[in-house]
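So for the first sequence, numbering that gives the first Met the number 0 puts the first residue at 0; every next one is plus one. The beta carbon of each residue, even a glycine, is placed where N, CA and C say it ideally should be. Notes follow the structure.
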Amino acid sequence: MISAEHLLNNAIKTALNAVYNLQIEEISLQKTRKEFEGDFTLVTFAYTRDTRKKPEEIGEALGAYLLANTPEIVKYNVVKGFLNISLSDAFWMLFFNSVRSSAQFGLKPSDSSGKTIMLEYSSPNTNKPLHLGHIRNNLLGASVAAILQANGHKVIKANLVNDRGIHICKSMLAWQRFGNGETPQSSGLKGDHLVGKYYVAFDKAYKEEQAQLIASGMSKEDAEKSAPVMLACQELLRQWEAGNPEVVQLWRTMNGWVYDGFGVTYKELGVSFDKMYYESNTYLLGKELVQEGLAKSVFYKKENGSVAIDLSAEGLDEKIVLRSDGTSVYITQDLGTAIERFKEFPELNQLIYTVGNEQDYHFKVLFSILQKLGYSWASECYHLSYGMVELPDGKMKSREGTVVDADDLIKEMYETAFLKCRDSEKLKHLNEAEIKELSKMVGMAALKYFILKVDPKKKMLFDPNESVDFDGNTGPFIQYSYARTRSVLDKAGMALDRNVSITLHPTEKELLTTLYSFPSVIEESGHLYNPAIIANHLYDVSKLFNRFWHDCPILKEENEDVKLFRLQLVNLCGTVIANGMRLLGIEVPSRM
RNA sequence: GGUCCCAUAGCUCAACUGGAUAGAGCAACGGUUUUCUAAACCGUAGGUCGCAGGUUCGAGUCCUGCUGGGACUACCA
């Protein structure tokens, strides 16, 4: 069937032509605000210049023409420069009947018209456990991947693990010195937490040595450079790079602990990856590229032998891409891995990096260099930049211990949800295992929705002293709405596959028109890489559904057609909520 | 010093990308259950959209300046 927007677009174009002899390409329509009567609104201010008429006059003239010539339009009203147009219930019923039994409503199957997109997210360091900032990264990446798939694209979810470097050696060194052979098994600690403990231990020892050196008259800078543990740590990194078997073995063992730990957290968060990359394999990439760049005169050699690029024309600075000793810097390997990925997947159309906005500058530089090197796909690289999660007293800092640990937070969410489920009268008939399963679903929904409902670009605040809500604009509220849909449909126990056409109650109409826009909401959220748009829409749907529940009796309704329609409407609400929540990575329960 | 981001109700967030009287939730106060799930619904109260200009039919949204906060600006990763 033809969409409402398309129908109105054509009708309004024709009307403008007929009444004012105007040819307009783009008509901008918006949903009518709920204080006014109507479904869609045309802003007529835009045409005052061309027609030399007053906005009210244009509204009246267009409205009258549309009413006379478009059967689907049954009413209009003009308020100042706004022409509010109402479509017939018959039109809405036609739309409703065309989608009401589609379980895939709003989701596009992946087909040849879709792109192939690699989306990188998570990308943890293997020296400490995950915290709330990583949770935002993981939830955002997983959700955007699902949303892009729902828009018909093929998505390769990639995780580039930062598994080598000086920071990893810090944990290793501290474990060698203070560990006494401690393992996850012997300590009962989750692997990533055990390794994190030694990362902190290193920092403590390092700080103590610095303090001693400063006390003996050394400058702060020199103390940082010459503290024995730091020197030992750098030696450990050299040994690793030289392939010293003992060091490599320790590195393997400790990273293994961390992967086991991360695996547990990833599972709780419900995130997964199609492709794992490890920096230990990729950190040397990009060196040949430097030669290529020199040959193309994109890079230049400085007097001291280092290689750089001048980006001052783009408002960026000079950037070193190779040190004077011939070793690469971080951006060198980023350049290398990007190129490697397009080689590995020739069908790749787009490469998305889910990384915090503190690296905005880095990605500007990276993409700019790729562009200058002449890679045509450089313009298809995108930095999915998100804001930091802040605590009431500022940013989280691992070293200062001001972090909200991911595992602790998840556990806390489960516990809060468990108490709520256990105390609920409605859930008395469930056994312990069922309550636990439901608590996990609800607790995780509260956490995920809390994170994803905020525009990714914006920084967000988390107060550890205030628990995440379960009432109001929350994940559990939307889950509850879904459980209500299941409950009434189960009780009704009747077949829904008959088309009816009824006169709509205002609440039914509002709910129906909101459900109508679900597919375009998914498109928009995909276009903007923004799950919050879906989250907010699901909240609107749920809120309206609950008002409908209150205003419109379903099983008690005596008119069979109306009753059937209401059940079908409930069913479509359930579909929209379930499909939308899946895109946020949130499961929906059939009872709660 | 330079570049970029942010500032909306007591708190956490919206505002369909320039449209109508800036909306929700939490917290506060009041009401709704012999009727499909009260994790719900309805109501009251709460605003100089950081400040000052500008652009135009129209600005929370765009441009300039200012104030306040943050990030980045390594031959670190």
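Phe344 carries a coil assignment under DSSP once its states are collapsed to helix, strand and coil. The C-beta of His382 has 16 or more other C-beta atoms within 10 Å across all chains shown, which makes the residue buried. For Thr506, the closest C-alpha among the options Ser519, Tyr374, Pro552, Ala67 is that of Pro552.
Between the segment 431 to 442 and the segment 508 to 519 there are fewer than three C-beta pairs closer than 8 Å, too few to call the two in contact. Shortest Cα-Cα distance from Glu267 to any of Asp324, Ala405, Leu365 involves Ala405. Annotated three-state conformation of Lys396 is strand, per DSSP. Restricted to the segment 215 to 279, the beta strand (DSSP E) segments that are unbroken, complete and at least 3 residues in length are 274 to 277, listed in chain order. Within the same chain, Asn126, Lys127, Pro128, Ser170 come within 8 Å of Gly195 by CB-CB distance, once the 5 residues on both sides are set aside. Taken in chain order, the complete alpha helix (DSSP H) segments of 4 or more residues contained in the segment 401 to 428 are 405 to 421. Assigned with DSSP and collapsed to three states, Ile167 falls in helix. For Leu65, the closest alpha carbon among the candidates Leu86, Thr50, Glu55, Asp49 is that of Leu86.
Counting along the chain, the unbroken alpha helix (DSSP H) around Met443 starts and ends at 431 to 451. The segment 269 to 289 makes contact with the segment 148 to 164: 3 or more CB pairs, one atom from each, lie closer than 8 Å. In this structure Thr252 is exposed. Its beta-carbon is surrounded by fewer than 16 other beta-carbon atoms within 10 angstroms.
DSSP, read as helix, strand or coil, puts Gln22 in coil.
Non-local C-beta neighbours of Asp454 in its own chain, meaning closer than 6 Å and more than five positions away in sequence, comprise Ala531, ordered along the chain.
With fewer than 16 neighbouring CB atoms inside 10 Å of its own CB, Lys410 falls in the exposed class.
Between the C-alpha atoms of Ala577 and Gly140 there is a straight-line separation of about 19 Å. Counting the other CB atoms within 10 Å of its CB gives His130 a total of 16 or more, which places it among the buried residues. For Cys380, the enclosing beta strand (DSSP E) starts and ends at 380 to 385.
For Ala307, the three-state secondary structure derived from DSSP is strand.
In the DSSP assignment, Tyr75 is bridged to Ile84. In the DSSP annotation of this structure, the continuous segment of the alpha helix (DSSP H) that includes Asn136 starts and ends at 131 to 149. Cβ-Cβ distances below 8 Å link Leu543 to Thr506, Glu509, Leu510, Thr513 in the same chain, with the five nearest sequence neighbours on each side left out; the list follows chain order. Distance from the CA of Val487 to the CA of Ser101, rounded to the nearest whole angstrom, comes to 19 Å. In the structure shown, the three-state DSSP call for Ser327 is strand.
With contact defined as three or more Cβ pairs closer than 8 Å, the segment 347 to 356 and the segment 111 to 127 are in contact.
Annotation: Leu235 to Ser397 spans about 23 Å, alpha carbon to alpha carbon. In the structure shown, Glu119 adopts extended strand secondary structure according to DSSP, grouped into three states.
According to the DSSP assignment, Val467 belongs to no beta strand (DSSP E), since it is labelled neither H nor E. The straight-line gap separating the alpha-carbon atoms of Arg237 and Pro244 is approximately 12 Å.
The three-state reading of DSSP puts Val575 in helix, counting H, G and I together. With a 10 Å radius around the Cβ and a threshold of 16 neighbouring Cβ atoms, Met0 comes out exposed. The beta carbon of Gln22 lies closer than 7 Å to those of Asn16 in the same chain, with the five residues before and after it left out. Here Phe517 carries a helix assignment [DSSP, helix/strand/coil].
Under the DSSP definition of a beta bridge, Tyr299 partners with Ala307.
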